[in-house]
Amino acid sequence: MDATQQSDAARPVLEGPDIARVLTRIAHEIVERAKGADDVVLLGIPTRGVFLARRLADKLEQITGRPVPVGSLDITMYRDDLRMRPARALARTEIPGDIDGRLVVLVDDVLFSGRTIRAALDALGDIGRPRAVQLAVLVDRGHRELPIRADYVGKNLPTSLRETVKVQLAEEDGRDTVLLGLRETASTAPAGEQ
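In the numbering used here, each number is its position in the sequence shown, counted from 1, plus 76.
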């Protein structure tokens with residue numbers, strides 16, 4: 077199956093309006109669990125997690141009437157698979173002020189093995205000491221290799237290891253969708269598939 081056939085075989089499981097609804101629900105859940113959003117800081121994991129974090133910050137501001145600090149946390153140098161994958165460019169880490177004693181919500185697009193989040197926790201530990209760390213993901217596809225669980229999940233999407241989940245967001249890809257398809261061979265799988 078070539079790349080064109082693979083993308084044709086991928087089926088959407090979330091579209092733009094669904095993603096907007098999910099982010100609104102997650103924002104309300106954050107406000108409820110945090111009893112407001114006074115000490116919440118959102119940190120997106122590049123690439124698509126950063127866009128989702130910004131969208132969540134906008135929704136939180138609409139709900140609370142106050143801006144919520146939002147930034148990004150590059151985990152590239154903390155990954156445990158650096159030797160097994162081709163080199164990738166470093167992304168930006170932008171921490172919006174002091175995170176010590178704050179509630180940090182890490183935001184990512186897909187939760188899979190848990191290794192990305194482990195790397196994010198390691199990176200966060202080098203930056204400061206939050207009061208608590210929570211995790212918000214657009215899609216949880218299962219298959220955890222580490223004992224990591226999301227606090228806020230847009231959609232639980234049970235998958236087989238032969239399947240792939242691809243998140244596309246307007247800021248990066250020109251449209252909002254989550255696609256479920258069959259995994260390509262490791263050497264031809266495009267970046268961004270999980």
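Ideal Cβ positions, reconstructed from N, Cα and C, are used throughout, including at glycine.
- The C-alpha of residue 254 is placed about 17 angstroms away from the C-alpha of residue 260.
- For the 7 angstroms CB-CB criterion, residue 256 and residue 243 do not form a contact.
- In this structure, residue 149 lies near residue 199, with their beta-carbon atoms less than 7 angstroms apart.
- By the Cβ neighbour-count rule, residue 166 is exposed, with fewer than 16 other Cβ atoms within 10 Å of its own.
- Collapsing the DSSP output to three states places residue 135 in a helix.
- Cβ contact annotation for residue 191 (same chain, cutoff 8 angstroms, sequence separation greater than five): 155, 156, 157, 221 and 222, in chain order.
- Linking residue 234 to residue 89 through their CA atoms gives a straight-line distance of about 12 angstroms.
- For residue 192, the three-state secondary structure derived from DSSP is helix.
- Here DSSP, grouped into helix, strand and coil, assigns residue 110 to coil.
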